[in-house]
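Reviewing the structure listed below.
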Amino acid sequence: MSKIREIGKNLAVPLAFIILGALSRLLPHLPNATPVGALALFSGFYLPKKQAFLVPLLAMAAADLFLGGHSTLLWVYGSFLLIVALGFLLKGRLKAENVILASLSSSILFFLITNFGVWASTSMYSKDLAGLLQSYVMGIPFLRPTVLGDLFYSGVIFGSYALFFLRRKEEARAKTAIKNINP
1 MSKIREIGKN LAVPLAFIIL GALSRLLPHL PNATPVGALA LFSGFYLPKK QAFLVPLLAM
61 AAADLFLGGH STLLWVYGSF LLIVALGFLL KGRLKAENVI LASLSSSILF FLITNFGVWA
121 STSMYSKDLA GLLQSYVMGI PFLRPTVLGD LFYSGVIFGS YALFFLRRKE EARAKTAIKN
181 INP
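Just so we're aligned, residue 1 is where the sequence shown starts under the numbering used here, counting upward by one.
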């Protein structure tokens, strides 16, 4: 395989994730119900570390070129980096219940970090415990679509991967069985 083809093959999946993540933010959707969290989680599970961390950052940055920046941008980006790290914990542990738990954890992590960021970096809430709690309470309506989106997209992404992986595993077993029958 030529060096250029090898590079293209290694970049195809991360590039597709970046494009999917960016486009999903630009197309109409429920607030916080995009595949970016699920892509960050899957990137941590599937990609090498450097690529895994770049996927959500580049997807967000590409969309933010059109959507514009905001004062909580670093908090949002940081939460996705931590979600990538959660994905690392799934390596070698691909089971439906682990994906569901990681997906729910990523939604809660995103909620906690971004609402803290709204409280810390804007003047929307008083800078005391009451203001912080108010920020979390006001963020609750966004938690439901985040959870539903993360669960749905994680199910689709990890489920597709599992089906593809299991199919290839079965094909390899069949080839081995045929070789053993016909030496």
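Every residue gets a Cβ at the ideal spot worked out from N, C-alpha and C, and that includes glycine.
CA-to-CA distance, residue 11 to residue 108, given in whole angstroms: Here the question's residue 108 lines up with position 108 in the sequence shown. Here the question's residue 11 lines up with position 11 in the sequence shown. Rounded to whole angstroms, residue 108 to residue 11 spans 30 angstroms at the Cα level.
Classification of residue 140 by the beta-carbon crowding that lies within 10 angstroms, buried from 16 upward: In the sequence shown, counting from the first residue as 1, residue 140 sits at position 140. Residue 140 should be labelled exposed.
Endpoints, alpha helix (DSSP H) assigned at residue 91: Walking along the sequence shown from the start, residue 91 turns up at place 91. Taken as a continuous stretch (DSSP letters only), residue 91 belongs to no alpha helix (DSSP H), as it is neither H nor E.
Segment contact flag, the region 23-31 with the region 48-55, C-beta cutoff 8 angstroms, min 3 pairs: no
Three CB pairs or more closer than 8 angstroms across the region 36-45 and the region 113-124: no
DSSP-derived helix/strand/coil call for residue 34: Here residue 34 refers to the residue found at position 34 when the sequence shown is read from its first residue. DSSP places residue 34 in coil when its eight states are reduced to three.
Limits of the unbroken alpha helix (DSSP H) element including residue 103: Walking along the sequence shown from the start, residue 103 turns up at place 103. It spans 96-121 - the alpha helix (DSSP H) in which residue 103 sits, taken as one unbroken run.
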